[in-house]
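6 protein chains.
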Amino acid sequence: MSNAQPISRFSVPELKNLPEDIRATILAVQEKAGFVPNVFLTLAHRPDEFRAFFAYHDALMLKETGNLTKADREMIVTATSAKNDCLYCVVAHGALLRIYAKNPLVADQVAVNHLKADLTPRQRAMLDFAVKVCLDSAAIDEDDYASLHQHGFDDEDIWDIATITAFFGMSNRIANAIGIRPNEEFYLMGRLPRPK
Amino acid sequence: MSNAQPISRFSVPELKNLPEDIRATILAVQEKAGFVPNVFLTLAHRPDEFRAFFAYHDALMLKETGNLTKADREMIVTATSAKNDCLYCVVAHGALLRIYAKNPLVADQVAVNHLKADLTPRQRAMLDFAVKVCLDSAAIDEDDYASLHQHGFDDEDIWDIATITAFFGMSNRIANAIGIRPNEEFYLMGRLPRPK
Amino acid sequence: MSNAQPISRFSVPELKNLPEDIRATILAVQEKAGFVPNVFLTLAHRPDEFRAFFAYHDALMLKETGNLTKADREMIVTATSAKNDCLYCVVAHGALLRIYAKNPLVADQVAVNHLKADLTPRQRAMLDFAVKVCLDSAAIDEDDYASLHQHGFDDEDIWDIATITAFFGMSNRIANAIGIRPNEEFYLMGRLPRPK
Amino acid sequence: MSNAQPISRFSVPELKNLPEDIRATILAVQEKAGFVPNVFLTLAHRPDEFRAFFAYHDALMLKETGNLTKADREMIVTATSAKNDCLYCVVAHGALLRIYAKNPLVADQVAVNHLKADLTPRQRAMLDFAVKVCLDSAAIDEDDYASLHQHGFDDEDIWDIATITAFFGMSNRIANAIGIRPNEEFYLMGRLPRPK
Amino acid sequence: MSNAQPISRFSVPELKNLPEDIRATILAVQEKAGFVPNVFLTLAHRPDEFRAFFAYHDALMLKETGNLTKADREMIVTATSAKNDCLYCVVAHGALLRIYAKNPLVADQVAVNHLKADLTPRQRAMLDFAVKVCLDSAAIDEDDYASLHQHGFDDEDIWDIATITAFFGMSNRIANAIGIRPNEEFYLMGRLPRPK
Amino acid sequence: MSNAQPISRFSVPELKNLPEDIRATILAVQEKAGFVPNVFLTLAHRPDEFRAFFAYHDALMLKETGNLTKADREMIVTATSAKNDCLYCVVAHGALLRIYAKNPLVADQVAVNHLKADLTPRQRAMLDFAVKVCLDSAAIDEDDYASLHQHGFDDEDIWDIATITAFFGMSNRIANAIGIRPNEEFYLMGRLPRPK
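Protein sequence lines correspond, in order, to chains R, W, S, H, F and Z. Heads up: the first sequence runs through residues 1 to 196, numbered per the numbering used here. Heads up: the second sequence runs through residues 1001 to 1196, numbered per the numbering used here. Heads up: the third sequence runs through residues 2001 to 2196, numbered per the numbering used here. Heads up: the fourth sequence runs through residues 3001 to 3196, numbered per the numbering used here. Heads up: the fifth sequence runs through residues 4001 to 4196, numbered per the numbering used here. Heads up: the sixth sequence runs through residues 5001 to 5196, numbered per the numbering used here.
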């Protein structure tokens, strides 16, 4: 499937002109994913911002401690990015959610209406909180912490949910403002059973 | 003025227990400002996130290129943090705005209603765009770019306005969710004429 | 893919107990689609409402006159059902949109943010109007008609866009209130190239 | 009272040119009401839609089973049509509500603010649910069903409330988009004591 | 028509116990209107507030200068009170509007949706501005003044429109918060042709 | 600090041309405050409205009975004026709040987000109610009264909170619509310790 549409509103640097560390990061993700997600190419336009963005991303999304699974984290990203109407993040992180959750339906469900999705009560509480951080963070209070504690989340998990939501709220606004286009590969990822 | 209130909902690490680079950063800001803004102490709870957060912050706010002054940037932060009802950022960045703009009134003005503030048409256009990125980024389109071009902003400046707004939208949500309390020093900063 | 979840909050009648005309309709759609979309089984609980609902549906969606293609109509349904957060209609009509438009991307695009979708100016104007009918119909006025005229829509087409939006606004509320679950078959429909 | 204003933005067919069944329906309503409500003349522009609309309408509003009185149903229509700012439906169904409820005040009360209207707790619960279906159907859940059960509504009644609300949400959007003007007769109906 | 409902949530003083000037005001309005509107009895609970309220009211509504007719002023009150969902003011001032405008339809029209009411372009501009003052006064700017100037309103008229809207925005909030019930007499006033 | 900006969009009368009582009021406030708050000069353009406005203001704000302190009243004004984005009232009444509460921080706190301010539970309940009167008065009901009773407010206090909120909601709309500029003196008032 060829894609004649521009990747974003801004010019995308050529790989050979990028700083070595950024080129290495991009080649590594290409090696792993089979393609380069457009957010990498777009942010490479600003090397310092690229480095900080992905350092923050990795600290939150690749973190090995705490009680959030990778599927939990991508579920937070997909649900809240939908509230911000961010096409890039819903499509790209919806794909990752399908893969990590091994569930071809859940990404569309939480993107349209997490209240009607096939969720455990724990996931529902997690997304209720994330959506509140996304849309009305000024009203977060102790009652929100207490609700999450009842579902087995501790304070560190709550920090994680809040910060993942906040970080992708930033990504959503950047992607919307500079028009990052999702790679077409994402749309189908995780929808078909894995070949055995 | 003593402050018996906790800095945030999370425990604040002791300086001596922090990684060396983070301690150095904190001591440097204390040296320069005369106190340690609470966001430093709060985020030090998560060293990797601290490093990424301030690397991103510095890439956007200390950047030496482009047409945004430091006052412009703090004005964006103050106006959009007010839309997110973030006490920490309105108080702390309002202080910086008063100082950089050498104007004791402008921070309160843009925090309450930037439409009634004493702004140049260029500043007004800048804040109109920032507020749209803050509240309705999904609707940003070419007309917004064209409006800003008419006021002398180029595409790189627009990237800056959008990303500063997005970054502090993240900060606002983190500060609201984990309850970061503004240092009392900020409230009065920049309100009195400098002694000569 | 087995589906242990109930089809809706209400009991679903057995096919053999349905009135003859309703059974015939359901068997015909099963013959054509390979499965029975859950909205048929759910509404069969109320035969008179079933008959009126599908008579109205067919009058709008199978209409052979006017300038709206079948893809146009499904695009209206998908975009406005997303505004109403209706899981059933976004998933089911998104599938039909992909098939009629022969485009595996467009349904996800218009569901997340039609402003960033790959649309012609004519489609964009059509969806802008549909979204206004969906969210703020009280403000529709002559200017809206004039905008659509400029894109080649005549008054009869505008009636169609408005009424399709209104009809599915009804469907969205029914589906949300009685919890109609989308068939799993819809999620993947139209995403893969047709075998040749 | 003569009415020089057009009935709607669309041309209204002459009675003699209408299909026989539609002409008969219109003559019957004129016989009964003493005038032809404009929604009949407007929708007659599209005979198939006319037939489906009124079949659906009658299935919901003339239904003889269940626990909703005719006044209950018109109260739902009046309250939710007011939320959609639909002049035609508030005026026309407000008239019917006054007549069925034998109460000259209740229509204005529920149109302005059902929370301050003279309602029984059962009616208040019914309208709270209807307004939620009207404005935020995606959030309907089991708690809403439980609240209504406590007031003596069973699941079939809840289906009725939801579907009446949804159907008139459709009518409201059509009436707003094509500008159906309420007949002047409706404004005064049910406001005066019946002559004895 | 007897009215067993309380006039407001607060006790209503007996006429004989009121200060002389307030009793005189109330008797005068009863003489003129044939009944005492409940807002008089309710506010008499606080004599100083009663005096200031009606002094302000009369300065705005009985003013003999400027280009607003009495019908214009009541139209502003009815339209904006509807936005604030204030039953008392919509019912009471809708009655006055019908009488001053000699039009039995216009009050219901502007209460439900002033965009669909039978208005002159001048009245439409007046209400558009009033609704903006009611709902989003922070965004009023020179363009709003310019729009009104084009319809023949001068700056003093604009002061009147804004202040009438603001004053009744206050009344609406008081009436809603303390539950002032409209007198039943208002509902029918101005709906019937005057006997000749 | 000189102020070259106009006081409002309307011409400000010269003191010598004002009616005697209004001139006396203005001179008295100047004597007491050291300057004339711009709201006095602006409203003097309309003497009758000036008199009624300040009579109402004084009845509410200088009232000697009831359980609201002067700081409570200014806190209500500051918090609700911030919801209405009224620069004049947030700046002017924030100054009074700092002085009456002898607290240099509280005005900025309640203006940005009263939910994160240093408040007693009683003050929090008072502001929650005031904000509801400001933004959604139509939904006020007995539960709101009961909540306030639990914090020691009686019905008369609730009348005060509601009416103060309503009165300043009027002031906010007037100030926004006619562009009243806050005096620069207000910005710093109450921020510095009193000299002893």
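Just so you know, even glycine gets a beta-carbon here, dropped at the ideal spot from N, CA and C.
(request) Within the same chain, show all residues whose beta-carbon is closer than 7 Å to that of Y5187(Z), passing over the 5 residues directly before and after it, in chain order. (result) V5091
(request) Would you give the residue range spanned by the alpha helix (DSSP H) that D155(R) belongs to? (result) 155-178
(message) H5114(Z) and V5131(Z) - do their beta-carbons sit closer together than 9 Å?
(response) yes
(request) Determine the burial state of D973(W): buried for a count of at least 16 other Cβ atoms within 10 Å of its Cβ, exposed for fewer. (result) This structure cannot speak to residue 973(W), because chain W is shown only from 1001 to 1196.
(message) Please identify the residue among R5181(Z), I5164(Z), F5168(Z), G5034(Z) whose C-alpha is closest to the C-alpha of T5069(Z).
(response) With distances taken between Cα atoms, T5069(Z) lies closest to I5164(Z).
(message) Strictly below 9 Å CB to CB, what residues from chain Z border L3188(H)?
(response) Correct list: empty, because the minimum Cβ distance to chain Z is about 27 Å.
(request) May I have the straight-line CA-CA distance separating S198(R) from V2039(S), to the nearest angstrom? (result) Nothing in the structure corresponds to residue 198(R), since chain R is present only between 1 and 196.
(request) Compute the Euclidean distance between the alpha carbons of V12(R) and H1149(W), then round it to the nearest angstrom. (result) 21 Å
(request) Compile a chain-ordered list of the residues in the stretch 5063-5089 of chain Z whose CB is closer than 9 Å to at least one CB of chain F. (result) K5063, N5084, D5085, C5086, L5087
(request) Kindly list the residues whose CB is nearer than 7 Å to the CB of I3140(H), restricted to its own chain and excluding five residues on each side of it in sequence; keep chain order. (result) Taken in chain order, the residues that qualify are K3132, V3133.
(message) Less than 9 Å between the C-beta atoms of T4080(F) and N4172(F), yes or no?
(response) The Cβ atoms of T4080(F) and N4172(F) lie closer than 9 Å to each other.
(request) Using a Cβ-Cβ cut-off of less than 9 Å, list which residues of the stretch 1116-1144 of chain W approach chain S; keep chain order. (result) A1138, A1139, I1140, D1141
(request) Using a Cβ cut-off of 9 Å (strictly closer), state whether H5151(Z) contacts chain F. (result) Contact with chain F is absent for H5151(Z), since none of that chain's Cβ atoms lies less than 9 Å from the residue's Cβ.
(request) State yes or no: is the C-beta of A3111(H) within less than 9 Å of the C-beta of R3098(H)? (result) no
(request) Buried or exposed for T3059(H), please, with buried defined as at least 16 other CB atoms from any protein chain shown within 10 angstroms of its CB. (result) Looking at the sequence shown, residue 3059(H) is not Thr but Ala. A3059(H) is buried by the Cβ-count criterion.
(message) Assuming P121(R) is part of the alpha helix (DSSP H), what are its boundary residues?
(response) 121-136
(request) May I have the straight-line CA-CA distance separating D155(R) from L1087(W), to the nearest angstrom? (result) 22 Å
(request) Give the secondary structure of P4182(F) by DSSP, where H, G and I count as helix, E and B as strand, and everything else as coil. (result) coil
(message) Measuring straight from C-alpha to C-alpha, what distance separates R181(R) and D3144(H)?
(response) 40 Å
(message) My output table needs one value for H3045(H): the three-state DSSP class, helix, strand or coil.
(response) Coil.
(message) Check whether the stretch 2053-2067 of chain S and the stretch 3049-3063 of chain H touch, using three or more Cβ-Cβ pairs below 8 Å as the test.
(response) yes
(request) Show which residues of chain F have a CB atom less than 8 Å away from the CB atom of L3105(H). (result) E4184, Y4187
(message) Quick check on C5089(Z): does DSSP put it in helix, strand or coil?
(response) helix
(message) Is there a C-beta anywhere in chain F that falls below 9 Å from the one on A3111(H)?
(response) yes
(message) For E1142(W) and I5076(Z), what's the separation of their Cα atoms in angstroms?
(response) 42 Å
(message) Whole angstroms are fine: how far does the CA of N3067(H) sit from the CA of R2046(S)?
(response) 16 Å
(message) When you measure from the CB of L2188(S) to every non-hydrogen atom of the ligand PLP, does any distance come out below 8 Å?
(response) As for the ligand PLP, it is missing from this structure, which has no ligand bound.
(message) For a contact defined as C-beta to C-beta under 7 Å, what are the partners of N4176(F) on chain Z?
(response) S5137, A5138, I5140
(message) With the cut-off set at 9 Å, would you say G5169(Z) and G4169(F) are in Cβ contact?
(response) yes
(request) Name, please, each residue of chain R whose Cβ falls closer than 7 Å to the Cβ of M1170(W). (result) The answer, in chain order, is A166, F167, G169, M170.
(message) Which of the three DSSP states is assigned to M4079(F) in this structure?
(response) According to the sequence provided, residue 4079(F) is Ala. The question's Met does not apply to it. Looking at A4079(F) - three-state DSSP - the assignment turns out to be helix.
(request) Return the CA-CA distance between K5083(Z) and L5135(Z), expressed in angstroms with no decimal places. (result) Whole-angstrom Cα-Cα distance: 8 Å.
(request) Tell me whether the beta-carbon of D5048(Z) lies closer than 9 Å to the beta-carbon of M5126(Z). (result) no
(request) Have a look at D1128(W) and S4137(F) and give me their C-alpha separation to the nearest angstrom. (result) 17 Å
(request) Please report the residue range of the alpha helix (DSSP H) in which N1113(W) lies. (result) Per DSSP, N1113(W) is one residue of the alpha helix (DSSP H) stretching across 1106-1113.
(message) For R5191(Z) and P5104(Z), which I take to be in contact (beta-carbon distance under 8 Å), what is that distance rounded to the nearest angstrom?
(response) 5 Å
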